[in-house]
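Below is one structure, written out as structure tokens; the observations come after it.
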Amino acid sequence: DGSELVEVNNYIRSNQADASEEMFGVAKGKNLIVVSLESLQTFPINNKMNGQTITPFMNELTRDEDTVYFPNFYHQTGLGKTSDSEFLFENSLYPLSGSAVFFTHSGNTFHSLAEKLGDNGYHTAVQHPNTKSFWNRDMMYESLKIDEFLDINSFEIGEGDAVNWGMKDIPFMEQSVSNMAEMPQPFYSRLITLTNHHPFFLDEEDKFIGEYDSVSGTVNRYFQTVRYMDESVEVLFEELKAKGLYENSIIVMYGDHYGISENHNEAMAQYLEKEISPYETAQLQRVPLFVHIPGSGKGHVNEEVGGQIDLRPTVLHMLGLETAKDMQFGGDLFSEEHEEFVVFRDGRFITENNVYAGNLCYDRETGEETDAAECEPYIDQALMELDYSESIITGDLLRFYNKEDGQLQPNGEIMEIEK
Ligand code: GP9
Ligand code: MN
């Protein structure tokens, strides 16, 4: 009857971080462009492979005066992969443990980022050159109140424009920006890239660097497709400038989940020149996060430990929208009150000082095993937080939550919900 929500609400309210004073409203009224960087992990950033630079454009962004780069940012996805990262971004809720929430709970009530932006005058659109029903996106996007889904039918895929899973990222970026140019402003346009996806195949003309030389063809090719992705991100920036959209937009880009699974530990050990311990495996779940605010001069490398659950409040606050009444588990990454506590879907976690993985407690900086007592207090909190989030989804509890005034519906009376 929704009474579970009282306890969840108490937990959320007592852990909530206020908006950052410095960053709140820094991009008020601007267009929001979000890029989901398929399978991009943090390890190629500012790194080389056999002497070759892997991500030249994104490396520049990490030092750019208008870009905040987060090197200690983690994905928190589960079985739902890309769709889980979308779910985290939109709702600041954890994905489910045993299934993909996009498939199992697409009819639920959510209070998504898209919905909030829509309520505040934004046109909201996702662009992804794949079939509408793939991952049940068409159904889920209705519940997430995304106004427009530009799927494969909104793109012209000419000869040589497709590889691997579908449309190549460079033509995708070009056409996405053309689509944005047609949208009413301000808009929220989320782009989901595709080329840097397992098994990481490319046409010859799109290979800008050589392959790696390990036992894993997957890892060997990954560097090349990441290099291609980097090129496509540069094209995005150029096109936005060419179409006059750049100045009036902010661009938020993040890796959706890992690209290299643990099946490739031997190759990764060769590349990283260290053994892949549970600590390393957890650290390999870092994905890059870039927050680019043209003309702001706010650029810096931000070492804060955070995760995808933090994106919703971080972004909404930059756009000048409060989230203090929202039912969300993440916090504003720019807030002084942001808690450095990243929970993975499987119960592993990262804190300011520790990495808890493989039932072992490690020092986050050194990777050395450390006193279990340092991690102990967080083990239950991590599981509790996952449980609370799961109960919201499985009980469809946001039906009982009034997003306008933050009130729970008394006596479990179901409020009127527009569907
Ligand atoms: C395909 C894209 C990739 O539409 O979402 O899916 P993934 O396998 O990464 O979840
Ligand atoms: Mn993906």
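Sequential numbering from 217 applies to the sequence shown in UniProt numbering. No residue lacks a Cβ here, since even glycine has one placed at the ideal position from N, Cα and C. Since the structure is predicted, the reported quantities are computational estimates derived from the model, not experimental observations.
Open item on the list: ligand 4 and K384: does the residue's C-beta get closer than 8 Å to at least one heavy atom of that ligand?
Closed with: With respect to ligand 4, the structure offers nothing, as its ligand set consists of ligand 1 and ligand 2.
Open item on the list: Counting C-beta neighbours from all protein chains within 10 Å, is the total for P260 16 or more, i.e. buried, or is it exposed?
Closed with: buried
TODO: Give the straight-line distance between the Cα atoms of R603 and E585, rounded to the nearest whole angstrom.
DONE: Contrary to the premise, residue 603 reads as Asp rather than Arg in this sequence. For D603 and E585, the distance between alpha carbons rounds to 28 Å.
- [ ] For K264, name the three-state secondary structure that DSSP assigns.
- [x] strand
Open item on the list: Taking 8 Å as the cut-off, does the stretch 312-327 touch the stretch 389-405 (at least 3 CB pairs, one atom from each stretch)?
Closed with: no
Open item on the list: Using CA atoms only, rank isn't needed, just tell me which of V442, F403, P400 is closest to F417.
Closed with: V442
- [ ] Please name the residue or residues paired with Y578 in a DSSP beta bridge.
- [x] V571, E585
Open item on the list: So the candidates are H508, L309, Y474; which of them puts its Cα closest to the Cα of L613?
Closed with: Comparing Cα-Cα distances from L613 to each of H508, L309, Y474, the minimum goes to L309.
Task: Cβ pair count under 8 Å reaching 3, the stretch 363-378 against the stretch 296-308 - done: no
Task: Residue burial classification, A589 (beta-carbon count within 10 angstroms, cutoff 16) - done: exposed
Open item on the list: Just list the residues that DSSP pairs Q343 with in beta bridges.
Closed with: L366, L407
TODO: On the DSSP bridge assignment, give the partners of N618 in chain order.
DONE: Its beta-bridge partners are Q623.
Open item on the list: I need the straight-line Cα distance from F545 to G523, nearest angstrom please.
Closed with: 11 Å
Task: As assigned by DSSP and simplified to three states, the class of G522 - done: strand
Task: C-beta atoms of N395 and A483 nearer than 9 Å - done: no
TODO: Determine contact between the stretch 562-580 and the stretch 493-508, defined as no fewer than three beta-carbon pairs at a distance below 8 Å.
DONE: yes
TODO: Using three-state DSSP, classify F305 as helix, strand or coil.
DONE: helix
Open item on the list: Taking the beta strand (DSSP E) that I467 belongs to, which residues open and close that run?
Closed with: 465-471
Open item on the list: Using CA atoms only, rank isn't needed, just tell me which of F550, G574, N618, N570 is closest to Y285.
Closed with: Taking only the C-alpha atoms, the option nearest Y285 is F550.
Open item on the list: Once the 5 residues before and after E620 are set aside, which same chain residues still bring their CB inside 6 Å of it?
Closed with: none
Task: Coil, strand or helix - I228 by DSSP - done: helix
Task: Cut-off 8 Å between Cβ atoms - residues of its own chain near H339, not counting five sequence neighbours on either side - done: D363, E364, M399, P400, Q401, P402, F403, Y404
TODO: When you get a sec, list the residues whose CB is within less than 6 Å of any heavy atom of ligand 2, chain order please.
DONE: E254, S255, K297, T298, D472, H473
Open item on the list: Going by beta-carbon coordinates alone, are F506 and L277 separated by less than 9 Å?
Closed with: yes
TODO: Would you mind working out which of I609, G622, E491, V571 sits nearest A598, comparing C-alpha positions?
DONE: V571
Task: Three-state secondary structure (DSSP) of L312 - done: coil
Task: ligand 1 heavy atom lying under 8 Å from the CB of residue 169 - done: An answer regarding residue 169 cannot be provided, because it is not within the stretch 217 to 635 covered by the chain.
Open item on the list: Once DSSP output is grouped into helix, strand and coil, what is the label at H533?
Closed with: Note: H533 maps to helix in three-state DSSP.
TODO: Could you check the C-alpha separation between Q232 and P529 for me, to the nearest Å?
DONE: 10 Å
Task: Close Cβ partners of E372 (< 6 Å) along its chain, the five nearest in sequence each way excluded - done: none
Open item on the list: Any heavy atom of ligand 1 closer than 8 Å to the beta-carbon of G408?
Closed with: It is Ile, not Gly, that sits at residue 408 in the sequence shown. Correct: I408 has its Cβ closer than 8 Å to ligand 1.
TODO: Measure the alpha-carbon distance for R279 versus K514 and round it to whole angstroms.
DONE: 11 Å
TODO: Look at Q292 and G471 and say whether their C-beta atoms are less than 9 Å apart.
DONE: With a cutoff of 9 Å on beta-carbon distance, Q292 and G471 are scored as not near each other.
Task: Alpha-carbon to alpha-carbon, L527 and L488 - done: 29 Å
- [ ] Would you kindly report the start and end of the unbroken beta strand (DSSP E) that includes Y285?
- [x] 283-286
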